[in-house]
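K.L.:
Protein chains: 2
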Amino acid sequence: MNRQVFSKKIDVASLKLPFILESGFTFESAPVVYETYGNLSESRDNVILVLHGLNAGSHGASHDERDVSGWWEPMIGSGKALDTDRYFVLIPNGLGSCFGTLGPLTINPVTGQKYGADFPQITVRDMIHLTRRLLTALGISAPSAVIGGSLGGMQALEWAVSFPEDGADVIGIVAPERASAQSIGFNHIMKQAVENDPNWQGGYYEENQSPEKGLALARAVGMMTYQTAESAEQKFARRRREGQWEMGNYLDHQGVKFALRFDANSYLRLLGAMDSHDLTRGRAEYPKELAGKKGRIFLIGDDSDLLYGISNQKELAEKWGEAGADARWHDLDTFYGHDSFLVDFPKLSAVIRDFMEEKGSR
Amino acid sequence: MNRQVFSKKIDVASLKLPFILESGFTFESAPVVYETYGNLSESRDNVILVLHGLNAGSHGASHDERDVSGWWEPMIGSGKALDTDRYFVLIPNGLGSCFGTLGPLTINPVTGQKYGADFPQITVRDMIHLTRRLLTALGISAPSAVIGGSLGGMQALEWAVSFPEDGADVIGIVAPERASAQSIGFNHIMKQAVENDPNWQGGYYEENQSPEKGLALARAVGMMTYQTAESAEQKFARRRREGQWEMGNYLDHQGVKFALRFDANSYLRLLGAMDSHDLTRGRAEYPKELAGKKGRIFLIGDDSDLLYGISNQKELAEKWGEAGADARWHDLDTFYGHDSFLVDFPKLSAVIRDFMEEKGSR
């Protein structure tokens with residue numbers, strides 16, 4: 015994720031066109047890091063925009079044989095579901111993240127220091143508006159498809175409602191219409207785990223004294239909500255090693271690994287953005303926006319998802335269908351839970367490939 | 015829970031008959047606190063043994079109008095599912111807990127200090143053996159029924175396998191044959207939340223400087239696993255108060271309340287006991303023990319239970335039935351998840367009342 019060889023960086027804000035959050039907070043500089051796969055067509059109409067989840071970045075797939083794998087490696091490439099022979103796959107690192115795009119690790123041009131704890135709370139809408147700005151900067155008027163899972167799926171759904179006129183097909187995976195109380199509760203615990211760490215210091219921690227233990231614990235909480243009882247049982251059962259449960263060892267290991275690569279302020283801002291996710295917020299006419307939606311909508315989920323079971327996708331697709339959109343849903347029928355979009359690639363590839371091919375044949 | 019007015023205390027170990035854990039750790043004094051409801055019959059054969067979950071104690075119900083409510087108030091009393099007109103309901107505080115029974119808060123007679131962090135790890139089998147000792151001390155050869163939910167349910171199931179000859183009906187609610195990787199994972203996080211607290215001090219904390227923040231966070235994690243997305247949504251949805259999510263406020267409030275009444279060392283020992291729960295452990299012939307089981311077995315669960323969905327109860331009842339036991343299962347058909355046995359009293363009362371009445375009519 016940290017290899018910058020193939021990633022590009024562009025500043026999409028300026029004094030003349032600042033980037034303004036929903037809250038009114040204004041950035042006069044807004045760097046966006048992104049990676050691309052495949053070739054942009056002359057008419058710039060073959061863009062698949064991939065929006066990543068909470069923990070990932072712009073490195074969705076390897077760029078050549080020497081490159082490291084990306085978080086959606088089996089999905090992106092020649093002949094794959096997101097076929098780079100045909101499409102130009104664009105993956106920006108999201109607003110608020112810590113892998114190069116505008117976020118708490120960005121240098122505040124006013125102070126010359128990182129924003130850190132002073133970085134404002136963002137929303138999912140802010141996230142897609144920055145991404146929209148990136149497209150404009152690249153001369154792309156509209157993507158052909160927008161796709162993402164979890165927090166990336168929330169952004170995809172928000173894209174559908176915010177930009178119904180742009181004609182993009184929208185694929186939202188394990189994402190809901192709005193964040194649930196349950197998700198808010200788990201996110202609250204994750205924040206609390208970070209804030210309980212004595213190194214937290216209200217977010218004003220030093221780089222070499224960051225709240226790693228708290229962040230590792232937060233990550234472990236997250237991981238438990240992304241998997242299922244069944245998938246955990248299959249992987250770990252009641253196995254022990256040196257007197258410790260392998261389930262616990264795994265959580266510790268993953269937590270520490272995460273804490274070393276992720277920034278705590280970023281994490282809290284992204285959790286806050288998830289909490290804010292609510293397609294109905296401030297939209298008196300919702301879901302009428304969808305009546306004019308060009309492009310298809312495809313909501314994918316699974317009932318093993320602890321956070322957003324298939325009823326979320328089903329009910330939303332039906333609601334949007336009634337509002338006039340071409341909306342459908344699909345039950346992935348897996349047992350990997352919320353993480354299915356990062357794990358069950360055979361099933362996900364097949365269903366997305368079918369959807370994309372239907373597009374091609376229209 | 016802390017009102018001792020109606021609770022009794024008895025020491026069930028002595029130099030002549032020490033209480034010995036599975037690990038070999040030996041106690042020469044083993045206090046057990048318990049409360050009783052109804053009257054013991056002359057032949058001492060009308061005992062319902064109620065085993066509490068992780069957080070509760072011996073105060074299952076109020077003893078008169080001036081008394082405070084107990085954690086199973088709607089279940090225990092005259093004319094209720096556990097009918098005190100007929101049965102003698104006995105509720106011991108469990109081994110390892112912090113409400114009077116042998117546990118980390120017990121004074122070690124050798125040192126004159128609390129056991130604290132030196133209290134050994136216990137198992138569910140240790141828990142029921144101490145309770146068995148209590149029955150003996152009270153002159154009760156066998157209970158008529160044993161009932162419990164969650165950790166109490168694990169004990170009930172362990173009772174069925176450990177003492178198949180005693181003829182007790184066993185009712186286990188939201189309890190599994192063995193602790194799952196998922197449950198071990200969440201418990202691991204709960205322990206880690208406590209151990210991350212700088213006040214933890216390896217368990218050697220001072221009473222006035224205990225790891226309250228960590229314990230509160232652990233309790234919040236637990237609560238999230240006991241409820242469901244649906245029950246959380248019904249209670250909190252996306253409501254905010256003073257800029258905070260009510261879901262988060264509730265977790266904080268419950269966490270602090272819990273941390274003030276519960277002991278951190280106790281909590282960790284009880285989580286460890288849950289992790290150890292495995293009816294198959296060290297039993298080469300299991301489930302043949304059940305072939306000779308006198309008394310009926312009734313396993314109650316619900317598919318909304320994040321930790322131990324109904325397939326746990328169904329499969330175990332079928333397995334035990336095949337082994338020769340009179341075992342049945344029931345789907346509570348609720349949406350309260352693991353907490354259903356502490357919340358959905360109308361449904362639980364009805365089904366347990368039916369089961370108990372069938373007993374009476376035999």
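Residue numbers (our numbering), protein chains in the order written: chain A, 15 to 376; chain B, 15 to 376.
Yeah, the Cβ is synthetic: ideal placement off N, Cα and C, and Gly gets one too.
Name the two residues that bound the continuous beta strand (DSSP E) containing Thr50 (chain A).
P.N.:
Here the beta strand (DSSP E) through Thr50 (chain A) covers Pro45 to Tyr51.
K.L.:
For Lys94 (chain A), which three-state DSSP category applies?
P.N.:
Residue state, collapsed to three classes: coil.
K.L.:
What residues in its chain sit with their C-beta under 6 Å from that of Ala234 (chain B), if we drop five residues either side in the sequence?
P.N.:
Within the same chain, Ala234 (chain B) has close Cβ partners Leu265 and Gly269.
K.L.:
Using only the alpha-carbon positions, how far apart do Ile136 (chain B) and Asn201 (chain B) sit?
P.N.:
Between Ile136 (chain B) and Asn201 (chain B), the C-alpha separation is close to 15 Å.
K.L.:
Would you say Phe200 (chain B) faces chain A, with C-beta separation under 7 Å as the test?
P.N.:
It does: the Cβ of Phe200 (chain B) has a partner Cβ on chain A nearer than 7 Å.
K.L.:
Mapping the DSSP letters down to three states, classify Asp277 (chain B) as helix, strand or coil.
P.N.:
Looking at Asp277 (chain B) - three-state DSSP - the assignment turns out to be coil, as it is neither helix nor strand.
K.L.:
Consult DSSP for Thr120 (chain B) and reduce its assignment to one of helix, strand or coil.
P.N.:
In this structure, Thr120 (chain B) counts as coil in the three-state DSSP scheme.
K.L.:
Kindly indicate which three-state DSSP category Phe377 (chain A) falls into: helix, strand or coil?
P.N.:
Nothing can be reported for residue 377 (chain A), as the shown portion of chain A is limited to 15 through 376.
K.L.:
If we ignore side chains and look at the alpha-carbon of each, how far apart do Gly228 (chain B) and Met238 (chain A) end up?
P.N.:
Roughly 18 Å between the two C-alpha positions.
K.L.:
Could you tell me whether the Cβ of Ala465 (chain B) comes closer than 7 Å to any Cβ of chain A?
P.N.:
No answer is possible for residue 465 (chain B): the residues shown for chain B start at 15 and end at 376.
K.L.:
Does Pro212 (chain A) have its Cβ less than 7 Å from a Cβ in chain B?
P.N.:
Yes, Pro212 (chain A) lies at the interface with chain B (some Cβ there is under 7 Å from its Cβ).
K.L.:
In chain order, what residues of the same chain have a beta carbon less than 7 Å from the beta carbon of Gly309 (chain A), not counting five sequence neighbours either side?
P.N.:
Around Gly309 (chain A): Gly181, Ala182, Asp183 and Val184.
K.L.:
Using DSSP bridges, identify the partner residues of Asp25 (chain B).
P.N.:
DSSP, once it has assigned bridges, lists B:Pro45 as partnering Asp25 (chain B).
K.L.:
By Cβ distance, which residues of its chain are closer than 6 Å to Asn16 (chain A), with the 5 residues on each side in sequence left out?
P.N.:
Here Asn16 (chain A) scores only 44 on pLDDT, less than 50, and its place in the model is too uncertain to base an answer on.
K.L.:
Is the shortest distance between the beta-carbon of Met168 (chain A) and the beta-carbons of chain B less than 7 Å?
P.N.:
Cβ-Cβ to chain B under 7 Å: no for Met168 (chain A).
K.L.:
Beta-carbon within less than 8 Å of Phe272 (chain B)'s beta-carbon, same chain only, minus the 5 sequence neighbours each way: which residues are those?
P.N.:
Closer than 8 Å at Cβ, skipping near neighbours: Asn69, Leu229, Ala230 and Arg233.
K.L.:
How is the alpha helix (DSSP H) around Val175 (chain B) delimited, first residue to last?
P.N.:
Unbroken alpha helix (DSSP H) run through Val175 (chain B): Leu165 to Ser176.
K.L.:
Decide yes or no for the touch test of the region 279-299 of chain A against the region 208-226 of chain A: beta carbon pairs closer than 8 Å, at least 3 of them.
P.N.:
They touch, by the three-pair rule.
K.L.:
Would you check if the distance between the CB atom of Gly126 (chain B) and the CB atom of Gly117 (chain B) is smaller than 7 Å?
P.N.:
Their beta carbons are not under 7 Å apart, which means Gly126 (chain B) does not touch Gly117 (chain B) by this criterion.
K.L.:
According to DSSP, simplified to helix, strand and coil, what is Leu148 (chain A)?
P.N.:
Helix at Leu148 (chain A).
K.L.:
Spell out a yes or no on whether the region 23-30 of chain A and the region 147-156 of chain A are touching, meaning 3 or more CB-CB pairs, one atom from each, closer than 8 Å.
P.N.:
Flag = yes, the region 23-30 of chain A and the region 147-156 of chain A touch.
K.L.:
Which one of B:His77, B:Leu274 and B:Phe33 has the shortest CA to CA distance from Tyr48 (chain B)?
P.N.:
Measuring from the Cα of Tyr48 (chain B), the nearest candidate turns out to be B:His77.
K.L.:
Run through chain B and tell me which residues come within less than 9 Å of Arg255 (chain A), C-beta to C-beta.
P.N.:
Residues of chain B passing the Cβ test: none, with the nearest at roughly 13 Å.
K.L.:
Hey, Gly130 (chain A) and Ile105 (chain A): beta-carbon distance below 7 Å or not?
P.N.:
No, Cβ-Cβ distance for Gly130 (chain A) and Ile105 (chain A) is not below 7 Å.
K.L.:
Measure the beta-carbon distance from Leu356 (chain A) to Trp85 (chain A) and round it to whole angstroms, keeping in mind my assumption that it falls under 8 Å.
P.N.:
With a Cβ gap of about 7 Å, Leu356 (chain A) and Trp85 (chain A) count as contacting.
K.L.:
Sort B:Tyr51, B:Glu36 and B:Pro32 by Cα distance to Ala44 (chain B) and report the nearest one.
P.N.:
The candidate whose alpha carbon is nearest that of Ala44 (chain B) is B:Pro32.
K.L.:
Taking Cβ positions, are Ala243 (chain B) and Gln196 (chain A) nearer each other than 7 Å?
P.N.:
The answer is yes: Cβ separation under 7 Å.
K.L.:
Using CA atoms only, rank isn't needed, just tell me which of B:Val188, B:Ala156, B:Ala189 and B:Gly163 is closest to Glu179 (chain B).
P.N.:
Comparing Cα positions, the closest option is B:Ala156.
K.L.:
Determine the burial state of Leu5 (chain A): buried for a count of at least 16 other Cβ atoms within 10 Å of its Cβ, exposed for fewer.
P.N.:
Nothing in the structure corresponds to residue 5 (chain A), since chain A is present only between 15 and 376.
K.L.:
Return the bridge partner residues of Gln258 (chain B) from the DSSP annotation.
P.N.:
According to DSSP, Gln258 (chain B) bridges with B:Arg255.
K.L.:
Report yes or no: is there a C-beta of chain B within less than 7 Å of the C-beta of Ser354 (chain A)?
P.N.:
Not an interface residue.
K.L.:
Going by CA-CA distance only, name the one from B:Pro360, B:Ser194 and B:Thr120 that's closest to Ser325 (chain B).
P.N.:
Answer by Cα proximity: B:Ser194.
K.L.:
What are the partner residues of Leu313 (chain A), as DSSP defines its beta bridges?
P.N.:
DSSP output for Leu313 (chain A) lists A:Gly186 and A:Trp343 as bridge partner(s).
K.L.:
Buried or exposed: Lys307 (chain A), going by 16 or more other Cβ atoms within 10 Å of its Cβ?
P.N.:
Lys307 (chain A) should be labelled buried.
K.L.:
Could you tell me whether any Cβ in chain A is nearer than 7 Å to the Cβ of Met238 (chain B)?
P.N.:
Closer than 7 Å: yes.
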